[in-house]
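Under full-length UniProt numbering, the first residue of the sequence shown is numbered 1, with each subsequent residue one higher.
Think of the CB as a built atom: it goes at the ideal place given N, C-alpha and C, for glycine as much as any other residue.
All values reported here derive from a predicted model rather than from experimental measurement.
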Amino acid sequence: MAEYLIYFNQQWVGDHTEEWFRGRGPLAMAVVEEMKDAGVYVFAGGLEEEDGPVYSADPTSGEMLITDGPYVETKEFLGGFALVDVPDDETAKMWAGKVAEACGWPHEVRRFKPRPKAK
Numbered sequence: 001m002a003e004y005l006i007y008f009n010q011q012w013v014g015d016h017t018e019e020w021f022r023g024r025g026p027l028a029m030a031v032v033e034e035m036k037d038a039g040v041y042v043f044a045g046g047l048e049e050e051d052g053p054v055y056s057a058d059p060t061s062g063e064m065l066i067t068d069g070p071y072v073e074t075k076e077f078l079g080g081f082a083l084v085d086v087p088d089d090e091t092a093k094m095w096a097g098k099v100a101e102a103c104g105w106p107h108e109v110r111r112f113k114p115r116p117k118a119k
């Protein structure tokens, strides 16, 4: 089994009415329940867009600098994600399709590197 990140950037969501968004929530939650029933669910959640704290941590100067807000150059930001533990790429793609369909906007899939084995 391998862990995959299924995610979207907030800018991919598009402009929709509040009613449209309310209609997507139950669809997305149904996919989460389906993931749990299939035994592949690890975690899923959306990130706060405007009211939540955003911090950057930068150690590159030799001293840790913690600042409020994302990097100025950032044009896109993570809107939400799901983490699944599935046997292969094809299964990860299948779950990404279900999540994208339920949400109504594009998602990407990335496989995590294998974890080092404990000695």
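Check: Between the C-alpha atoms of L47 and D89, what's the straight-line distance to the nearest angstrom?
Finding: In a straight line, the C-alpha of L47 is about 25 angstroms away from that of D89.
Next item on the list: Give a yes or no on contact between the region 29-48 and the region 94-109, applying the rule of three or more CB pairs nearer than 8 angstroms.
Entry: yes
Next item on the list: Confirm, please, whether the CB-CB distance from M1 to V86 is below 8 angstroms.
Entry: yes
Margin query: On a Cα-Cα basis, can you pick out the residue from P53, E108, P116, F77 that is closest to Y4?
Written below: E108
Item checked: V42 beta carbon less than 8 angstroms from that of L83 -> yes
Item checked: C-alpha distance - residue 163 paired with D15, whole-angstrom precision -> Residue 163 lies beyond the residue range present for the chain, which begins at 1 and ends at 119; the question has no answer from this structure.
Margin query: If you reduce the DSSP assignment to three classes, tell me which class V32 lands in.
Written below: Residue state, collapsed to three classes: helix.
Margin query: Assuming A100 is part of the alpha helix (DSSP H), what are its boundary residues?
Written below: Element bounds for A100: 89-103.
Notebook entry, point to check: Run through DSSP, which three-state label would G62 get?
Noted result: Residue state for G62 is assigned as coil, using DSSP reduced to three classes.
Next item on the list: Count the other CB atoms, across all protein chains shown, that sit within 10 Å of the CB of Q25; report buried if there are 16 or more and exposed otherwise.
Entry: Before going on, a small fix: residue 25 reads as Gly here, not Gln. By the neighbour-count rule (16 or more Cβ atoms within 10 Å), G25 is not buried but exposed.
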